[in-house]
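Enquirer: In our numbering, the protein residues as written are 101 to 323. Just so you know, even glycine gets a beta-carbon here, dropped at the ideal spot from N, CA and C. Structure in structure tokens, see below.
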């Protein structure tokens with residue numbers, strides 16, 4: 101058999117790469133969502149001593165290249181802290197911070213879009229800040245934020261292709277290996293691109309379904 105020929109095991113390796121990409125994406129998205137929301141609330145409520153720090157952190161992470169962040173975390177953080185770190189761990193840390201930065205901006209904008217009259221009215225009826233946040237602000241802010249959040253998720257899924265540069269065996273790294281072995285770039289890279297397209301399309305479709313559900317729920321609740 102020619103060394104340039106594809107073998108059934110290549111399909112297994114490809115599926116493994118897809119699994120790694122999705123794992124990094126899902127974990128970093130979950131952590132980023134939690135951290136981003138906390139950053140946004142810190143900025144929105146102008147917590148003393150933390151508001152400016154949260155703004156600086158989110159702006160720095162949002163406006164610096166992800167590739168540079170990957171190198172800093174993977175090569176710099178172990179030296180700074182004196183710890184061992186795998187490439188996958190570095191990828192998760194980097195993408196979590198980057199995702200959190202963008203989510204914080206989206207959430208801050210969504211919170212700012214809520215009519216302040218509603219918030220003041222709720223407070224005048226004696227509702228606690230927690231109930232105002234969870235019962236008044238969050239449902240409306242979520243509907244405003246859902247579309248940009250879905251767009252961010254699709255973008256971050258594609259950004260995972262960068263983690264291959266530090267050695268993570270994601271789908272892009274698998275593509276590089278297959279391309280080097282088979283020398284058939286017009287087969288390998290269209291397959292990799294189509295895989296990213298399908299994953300992004302499914303994610304966007306899921307987001308549109310969720311957005312439609314939220315709109316229907318809000319329309320029903322407002323009756």
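#1: Is DSSP giving residue 279 helix, strand or coil here?
#2: Use the C-beta contact count for residue 213: other C-beta atoms within 10 angstroms, 16 or more gives buried, fewer gives exposed.
#3: In terms of residues, what are the limits of the alpha helix (DSSP H) holding residue 123?
#4: Going by the beta-carbon positions, is the gap between residue 195 and residue 256 smaller than 8 Å?
#5: Three or more beta-carbon pairs under 8 Å between the segment 162-169 and the segment 197-204, yes or no?
#6: Buried or exposed for residue 224, please, with buried defined as at least 16 other CB atoms from any protein chain shown within 10 angstroms of its CB.
#7: Let me check understanding here. Comparing Cα to Cα, which of 300, 219, 249 lies closest to residue 232?
#8: Taking only three categories from DSSP, how would you classify residue 225?
#9: So, at 7 Å on beta carbons, what are the nonlocal neighbours of residue 304 in its own chain, with the 5 sequence-adjacent residues on each side left out?
#10: Quick check: what's the CA-CA separation for residue 154 versus residue 230?
#11: At which residues does the alpha helix (DSSP H) containing residue 179 begin and terminate?
#12: I need the straight-line Cα distance from residue 211 to residue 295, nearest angstrom please.
#13: Tell me which same chain residues have a C-beta within less than 7 Å of the C-beta of residue 262, skipping the five on either side of it?
#14: Report all residues from its chain with a CB closer than 6 Å to the CB of residue 191; omit the five preceding and five following residues, and keep chain order.
#15: Are residue 243 and residue 316 closer than 8 Å when you measure CB to CB?
#16: Alpha carbon to alpha carbon, how far is residue 116 from residue 313? Give it in angstroms, no decimals.
#17: Beta-carbon within less than 6 Å of residue 135's beta-carbon, same chain only, minus the 5 sequence neighbours each way: which residues are those?
Expert: Working from what's here:
#1: helix
#2: Residue 213 counts as exposed, since fewer than 16 other beta carbons sit within 10 angstroms of its beta carbon.
#3: 108-144 is the extent of the alpha helix (DSSP H) around residue 123.
#4: It is a contact, given that the beta carbons lie within the stated cut-off.
#5: As far as the Cβ criterion goes, the segment 162-169 touches the segment 197-204, which means the pair count is three or higher.
#6: exposed
#7: It is 219.
#8: coil
#9: 250, 254
#10: 21 Å
#11: 177-181
#12: 35 Å
#13: 166, 167, 170
#14: The residues 124, 263, 268, in chain order, have a CB closer than 6 Å to that of residue 191 in the same chain once the five nearest residues on each side in sequence are set aside.
#15: no
#16: 33 Å
#17: 200
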